[in-house]
Amino acid sequence: MVAGRLLSLVLAILATTPEALSSPLSESSLHSLETRGRTHNGHETTDRPVVFPWPLTTGKSFKKIPRTTKTCFVDAKGNGQDDAPAIMAAAKECKNGGKIALLDDLYTIASPLDLKLNNVDIEIQGTIKFTDDIGYWEKNSFKYEFQNSSSFMQISGKNVNIFGGGTIDGNSQKWIDEHAVNNLVWRPVLITFYDLDTAYISHTNFRYSPNWYILVHTCKNVIFDNVSMAGGSSSANAPANTDGWDTYRSDNIVIQHSKIDNHDDCVSFKPNSTNVLVQSLDCNGSHGISVGSLGQYPKYFDIVENVYIFNITMTNATSAGRIKVWSGEYAKPPSWAEGGGGGHGRVNNVTWDAIRLKNIDYAIEITQCYGQTNLTRCSEVPATLKIENVLFRGMYGTASKKYDPKVGSLVCGGPENCNNIYARDINIQPPSAKSPVFTCTNMDQALLDIPCA
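This note's numbering puts the first residue of the sequence shown at 178, with every later residue one more than the last.
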């Protein structure tokens, strides 16, 4: 009976097309326009954008958010003075049904922003820029248990819109240089959405994060649409761990129509990410769109389930589609700040579909030895986390010369751990023009329409 259900699920995945996943937008999927512009200090507020999943949907609804009833303008102090208290005061005054209008050119943030909101618009036209006092932020940033993460700013509550064409800037250079000599330094996430139900973040720029750009933590019903992310370094030291989005303990999340230039995962589905749709992204310089890492902590059961990745352009990346699972026992590479392994869980019903590649080290990468440098030991104590019902489809383009002619690696810790892993319509060319090959270990190669060596 179980095998029959699994087969039915995989057949359904293989039969699915983007047209089948799309559905006409219901009235509840459309979000009202805020049509009343207001002028303050020579700046005018703008209409709230209409945001909805397109062209695909998650199959779950996204609610209409009520109009705002008042506007709280925040005047920047200038001269490097801290604008966080004024923003916090506006959030308190307008926290139920108001708009927080950040219309000035530059807001300096020298203390944490903790915004608890209900039916609130945040319009950012200028730049919110965090100070780079490493010692201060190590002590005062918001701390989260998962992977020892911290954040400059967190937004929680219900029914939140963020828009306006402005920028949130993490001012990362000092952290980049400090991390090069001290990998234990706390580097804040640029912004964390925490315990948030129903939010639409659009037409916003995220720049120079010291760590991950966006952490979606314990959220549901959130859409990111038409945003951009970019960073870099003015020194010889490269940015590290600058994931675009990390979803964690979150459900019904859409990430779409955005451009990302970063140095780690373009999108990463951390533990207990369910019903996530990622579509129409342009990712450059990343580590791909990744499931995991999972299985890091033995006391937790990690789930990533019902995830669809569609219509992605991936350029200059280490991987395009990746699943990374820690091994069956604790391990810690010498250069890593944190180790892990021995956790349990499952990856189920995940699809990469219509992925355009240019200069990619691996088109597909599956590992259950993440973080384990001793591969012999990894085989002796394999991961127990299951990977099932995964499809890679419609991936085409060029590989880099790094592993030429190998263009992918699908390695499971044991044959019982990976079931119903499919690859269809894969066409990746190495630069040498040799025939492309994939490493395929502990996989049912009859389901893989790729040249396994």
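Cβ atoms here follow ideal geometry from the backbone N, Cα and C, with glycine treated the same way.
Span separating the alpha-carbon of residue i from that of residue j
i    : j    : result
D346 : S467 : 25 Å
G214 : T344 : 20 Å
Q622 : A413 : 43 Å
N317 : S577 : 42 Å
D626 : I603 : 7 Å
S445 : G469 : 6 Å
N452 : F478 : 17 Å
N483 : D252 : 44 Å
T495 : C617 : 18 Å
S586 : M620 : 11 Å
A261 : G255 : 12 Å
Y425 : S333 : 15 Å
S612 : K579 : 15 Å
N336 : R225 : 13 Å
M572 : A630 : 19 Å
T561 : N525 : 14 Å
K535 : T492 : 5 Å
T216 : G472 : 52 Å
I605 : V584 : 7 Å
Cβ neighbours of residue i in the same chain (closer than 6 Å, five flanking residues each side left out)
i    : result
V567 : V527 and I598
Y390 : L367, F383, M406 and G421
R533 : T490 and G574
W529 : I486, G498 and F569
I437 : M406, G421, C443 and C460
E221 : G214
L392 : V366, T369 and D423
M279 : For clarity, residue 279 is Leu in the given sequence; the question names Met instead. Only V251 and I301 meet the Cβ criterion.
I433 : The sequence given here places Gln at residue 433; Ile does not occur at that position. So the qualifying residues of the chain are D402, Q456 and S457.
Cβ neighbours of residue i in the same chain (closer than 7 Å, five flanking residues each side left out)
i    : result
V558 : S504, G505 and E506
C595 : I564, C589, N619 and M620
Environment of residue i [buried if 16+ CB atoms lie within 10 Å]
i    : result
T419 : buried
A610 : exposed
L361 : exposed
I305 : buried
K501 : buried
P511 : exposed
L552 : exposed
W314 : buried
K247 : exposed
Q258 : exposed
A133 : Because the chain in this structure spans residues 178 to 630, residue 133 falls outside the shown range and cannot be described.
As assigned by DSSP and simplified to three states, the class of residue i
i    : result
M620 : coil
T234 : coil
Q606 : strand
N388 : coil
N336 : strand
N325 : helix
Endpoints, alpha helix (DSSP H) assigned at residue i
i    : result
L552 : L552 to E557
E315 : I311 to N317
Extent of the continuous beta strand (DSSP E) run through residue i
i    : result
D298 : L290 to I301
I353 : Where I353 is concerned, there is no enclosing beta strand (DSSP E), although the alpha helix (DSSP H) it sits in stretches over Q350 to H356.
A266 : Where A266 is concerned, there is no enclosing beta strand (DSSP E), although the alpha helix (DSSP H) it sits in stretches over A261 to E270.
S450 : S450 to N461
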